[in-house]
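These protein sequence lines are chains W, U and D, in that order. Residues in the first sequence are numbered consecutively from 180, following my numbering. Residues in the second sequence are numbered consecutively from 4, following my numbering. Residues in the third sequence are numbered consecutively from 761, following my numbering. C-beta: ideal position from N, C-alpha, C; glycine also. Below: the structure, in structure tokens.
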Amino acid sequence: MSTVETAIVAEPAGAEEPRGRRRRSVALIVGTSIVGTYILAAVLAPWLAPYDPLAQDVPNALAAPSGSHPLGTDHLGRDVLSRLLHGSRVDLLLGMAAAGAAGVLGTVLGLVAGYAGRSVDVVVTRVMDVVQALPGIVLLLVLLLVLGPGAGSIIAALALTGWVAYARLVRASVLVVRDQDFTSAARLAGLGHPRVLFRHVLPNVWIQGVIYMTSDIVIIIGAIAALGYLGIGIQAPTPEWGQMIYDGQAFLASHWWLSAAPGLAIVVLGLGLALVSDALTDRARR
Amino acid sequence: MVSAEPLLEVSDLAVTLHTPQGPLRAAEGVSFAVAAAEAVGLVGESGSGKSVAMRAILGLLPRGSTVSGSVRFAGRELVGVAERQLAPIRGREISMIFQDPMTALNPIRRIGGQIGEVLRIQLGWNRRRASAHARELLARVEIAEPDRVLRQFPHQLSGGMRQRVLIAMALACQPRLILCDEPTTALDVTTQDQILALLRRASDESGAAMIFVSHDLAVVRQLCSRVLVMYAGRLVEMGPIGPVFADPRHAYTAALLRSLPAIDGPRQPPVSIGGELPDRFRPPSGCRFRTRCTVADDSCASLPSTLLPVDGERGSACIHAATGLPDRGAESGVSR
Amino acid sequence: MQRLGYLGRRLGYVLITLWGVSLLLFVMLQLLPGGPAEAMLGITATQQQVDALNQELGLDRPVVAQYVDYMGRLIRGDLGDSLVFGRPVVDVIGDALPATLKLAVYVVALSTLSTVTLATLAASFRGRAIDHVIRALPLIGVGMPGFWIGAMLLFLFALTFPFFPAGGIEEGFAGALRSLFLPALTLAISVSAILIRSLRRGLIDVLESDHVLTARAKGLRGVRLVVRHVLPNAAIPTVTLMGLVFVSLLGGALIVESVFAIPGVGQLLVNGFKRHDMPLVMGIALLSAAAILLVNLLIDVVYSLLDPRVSLR
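Below, the structure written as structure tokens:
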């Protein structure tokens, strides 16, 4: 176990003092509370939201925050709080689905590259180099051109863009684990390749993957929101944070909260996930 | 004594280091003086506080350390003085040579630049003049092909070469005092001898005073005229080399001497000092050596922490010093 | 000589990867639903128009022949004609490039300045309040979408307090400096978030190293000590991160250009995407890959120049 971790974790362990350790567990609690709140909000959105997120009320458009509309209304008179809550369903679900898909794809390809021999490894590594030579957003746009619009396409495009990091992580771990005694022992005992991979290699690397995934979700949600902002993501009128920021930007001077609120939603979620990721990294080292 | 003011006068120096386990009193009650052009040895086991005391003289202690007492150098107080006022003294009037030549040089800068730097900042020389003098200094520390070495990086040199470079750096501004913090410990035996010979010659030629920190009594005997002995953060004995070596007045010095393989005189097997260094966070009361001392009695638990004069030039913190150590010179009590 | 051999091999690797990128893009083109021509013209196009465009682009020929043709044009530096602009893609990108480059240079300057300043502050006052604040910044910054930071800066410093123009790029050096400040700051915030953390760690390690003690014993102190003996050493591990940073910078620049209406390559990409201008999107993809690969090569060279212990082999 420890050899795998030292091979993966580049930064030296940070917590030198017991005080630092306590701060870490506080960070983990705060982080999980934030993320938990978001998940809860997403699940309970239909019950928590005071209005239908799609219901327009044009005469009452661009209302300032008040008792009946805590975050005001947008340019079509839709309740911003309701859209924000429903938006968490879209962004969170899409983000987790895309990160999960990228993780699975990357893990499989990483396992194959690390275990299947030199020629396969060279091909997979080359493909990884090619994918990483393109900025994420550019590859994303190219893939979306091919896949067409829609949530499924966005998840697929994000997975096809984001798998490389997982594959590198898993491949490196496999290379370390492969040469360790217990794998050879398992091989000697007559266990076949797939079995060795899933019974002995995967349990040794999945923690690293999960830790990376917590920070990856932040990046992916940022990308989803960026697509929404550019008007090429989830199609209107579905409430989506990036789209909401874009819609609000036209009214920045007078109604700054229209853009600020969905952005803050992303920032706080990002902070929560970063805290969880940091604390988990720290735990895994010990 | 009515002689001229000493070059360096350390009085009641105490250093507290900030450690993860809490504050550590690394040295206390340290008082001694060094005259111009004098070579003084400072010996003790690792962890005795000798390096800390040296670094305190130049204000080069780790973050969070506190220093009290006084260090007067040529009439100027160095303790509690701002970095801005210490910097012009460092490397120019007092220079320091560190223990590990492998890490003491900046790995990404050329040797010539690193030596020339001290001349440029302390004497205001231009690059060309500093570089020419750096070449001369390298030749003086017996480096063959100084022109090539000037252009090299530290990782291209051996440990002995690097220590020569550091000595050249320390000599560059012709300081009046050189602090050597175990400069040969990290080197192999042959290189050690060469570096020691070089240091002795350098201090003779330059007329600089030198404090030579070492855990090795034999080295100190070769190089110094006077010796200070430290144990668990305190000075326990001092005096001229000859008398101290012939007739130690502190049980710890005596034990150190016994642990030294004899060079002259009848061959005896070296004897190690029994026991371990006391817990530095909770030192024993009175004499700190009493937990390992073979002659300690009840009175040792209430000893004054200062050196008491013995025979004029000498001093000892052992209350048995005046009466003489009971086992001094005797065959019995060497080890129990 | 050794260095030349290394550079030759690395350039070979860059070319192979670029070829991989071009192959990937070619495959994408082939996979387009309804073929490239239909995708470009949209569903309202008549079959006649589609056939005409197919013939014009040579898309009615066998795949292998198309590929040979595609590679042949690439090698000549011909990325095809933009459908929207009706001009060679290379020219269209060339016109937009200066704005993006100005922005990129500005970001590099701003983020270097802020990273060095903040990391040095944090490292020299480590454990104190200012250190904790600076260390917390990346946690917040990493989750901040660039376009949102941009929108908020726009609101604060262009609309509420009109220090800076709300968009576009003004003439002249001073004009560019003023009008690009907010977009550059937007990107610098995300870039610094990554770098401050790494540089702070590096600085603390170097500050505690023996050679800094030697330098202090020589009489160096303050800014001179940091600039000569601490920062260069501490920067080495951070330089290896720059490749990663450049990629995120490039991606971020493309979006931030939309926020601030900067007529750069990013706007071109978004507009090209929205109007299905395949040659333009593909051309930008290929050129950005080339830029990333070359910057990575450059970073390796800089790394070896910074650290004499590293030899390029």
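Query                                                                                                                                                                          : Result
Evaluate W/Trp420 with the Cβ neighbour count: other Cβ atoms within 10 Å of its Cβ, from every protein chain shown; 16 or more gives buried, anything less gives exposed.     : buried
Hey, is the stretch 236 to 244 of chain U in contact with the stretch 29 to 42 of chain U, meaning 3+ C-beta pairs nearer than 8 Å?                                            : yes
Going along the chain, which unbroken runs of the alpha helix (DSSP H) with 4 or more residues stay wholly within the stretch 1014 to 1049 of chain D?                         : 1025 to 1034
Just to confirm the assignment: which complete alpha helix (DSSP H) runs, minimum length 4, are found wholly within the stretch 297 to 323 of chain U?                         : none
Just grab the DSSP bridge partners of U/Asp184 for me.                                                                                                                         : U/Val216
Where W/Leu250 and W/Ala444 are concerned, what is the direct C-alpha to C-alpha distance, given to the nearest angstrom?                                                      : 13 Å
Where DSSP assigns a beta bridge to D/Val1070, which residues make up the other side?                                                                                          : Paired residue(s): none; D/Val1070 is not in a bridge.
Within the chosen definition, does the stretch 11 to 30 of chain U reach the stretch 944 to 963 of chain D through at least 3 CB pairs nearer than 8 Å?                        : no
At the level of alpha carbons, what is the spacing between W/Gln428 and D/Leu919?                                                                                              : 11 Å
Can you tell me whether D/Ile921 is buried or exposed, with buried defined as 16 or more other CB within 10 angstroms of its CB?                                               : Checking the sequence shown, residue 921 of chain D turns out to be Phe, not Ile. So D/Phe921 ends up on the exposed side.
Against chain D, does U/Ile111 count as a neighbour if the rule is that its beta carbon must be under 8 Å from one of theirs?                                                  : yes
Using C-beta distances below 6 Å, list every residue in its chain close to W/Ala224, excluding the 5 sequence neighbours before and after it, in chain order.                  : Leu264, His265, Arg268
Tell me, which residues are paired with U/Leu141 by DSSP?                                                                                                                      : In DSSP, U/Leu141 forms no bridge with anything.
Exposed or buried, what is W/Gly210 when buried is set at 16 or more other beta-carbons lying within 10 Å of its beta-carbon?                                                  : buried
Could you give the DSSP three-state label for U/Val46: helix, strand or coil?                                                                                                  : strand
Contact check, W/Tyr345 vs W/Tyr391 under 8 Å by CB: the rounded distance?                                                                                                     : 7 Å
Whose C-beta lies closer than 8 Å to the C-beta of U/Val5 among residues of the same chain, with five residues either side of it excluded?                                     : For U/Val5, the predicted structure reports a pLDDT of 42, less than 50, and the residue's modelled location is therefore unreliable. The matter cannot be settled from this model.
Pull out every residue of the stretch 813 to 829 of chain D whose Cβ sits closer than 7 Å to any Cβ of chain W, in chain order.                                                : none
In chain order, what residues of the same chain lie with their CB nearer than 7 Å to the CB of U/Gln177, ignoring the 5 residues before and after it?                          : Ser209
Determine the DSSP secondary structure at W/Tyr230, reduced to helix, strand or coil.                                                                                          : coil
Could you pull the start and end residues of the beta strand (DSSP E) that W/Gly256 belongs to?                                                                                : Here W/Gly256 belongs to no beta strand (DSSP E), and DSSP marks it neither H nor E.
According to the Cβ coordinates, are D/Gly1026 and D/Ala1013 closer than 8 Å?                                                                                                  : yes
Could you pull the start and end residues of the alpha helix (DSSP H) that D/Gly901 belongs to?                                                                                : 889 to 902
From D/Ile1022 to D/Gly927, what distance separates their C-alpha atoms?                                                                                                       : 7 Å
Tell me the start and end of each unbroken alpha helix (DSSP H) in the stretch 802 to 859 of chain D that is at least 4 residues and wholly inside, in chain order.            : 807 to 817, 823 to 835
Less than 8 Å between C-beta atoms, sequence neighbours within five positions excluded: which residues of the same chain meet that for U/Ala304?                               : Pro287, Ser288, Gly289, Cys290, Arg293
Kindly confirm or deny that the stretch 1047 to 1059 of chain D and the stretch 768 to 781 of chain D touch, where touching means at least three C-beta pairs closer than 8 Å. : yes
Kindly list, in the order they appear in chain U, the residues whose Cβ is closer than 7 Å to that of D/Leu962.                                                                : The sequence given here places Gly at residue 962 of chain D; Leu does not occur at that position. Under the 7 Å cutoff, chain U gives no residues; its nearest Cβ is about 13 Å from D/Gly962.
Using CA atoms only, rank isn't needed, just tell me which of U/Ser228, U/Gly318, U/Ala175, U/Glu48 is closest to U/Glu185.                                                    : U/Glu48
So, helix, strand or coil for D/Glu931, using DSSP?                                                                                                                            : coil
Any chance the stretch 271 to 288 of chain W sits against the stretch 327 to 340 of chain W, with 3 or more Cβ pairs inside 8 Å?                                               : yes
According to DSSP, is U/Leu81 helix, strand or coil?                                                                                                                           : coil
U/Phe292 touches chain D at which residues, Cβ-Cβ below 9 Å?                                                                                                                   : Within 9 Å Cβ-Cβ: nothing; U/Phe292 doesn't reach chain D, min ~30 Å.
W/Ile424 by DSSP, collapsed to three states: which one?                                                                                                                        : helix
Kindly indicate which three-state DSSP category U/Thr22 falls into: helix, strand or coil?                                                                                     : strand
According to the Cβ coordinates, are W/Ala330 and W/Leu273 closer than 8 Å?                                                                                                    : yes
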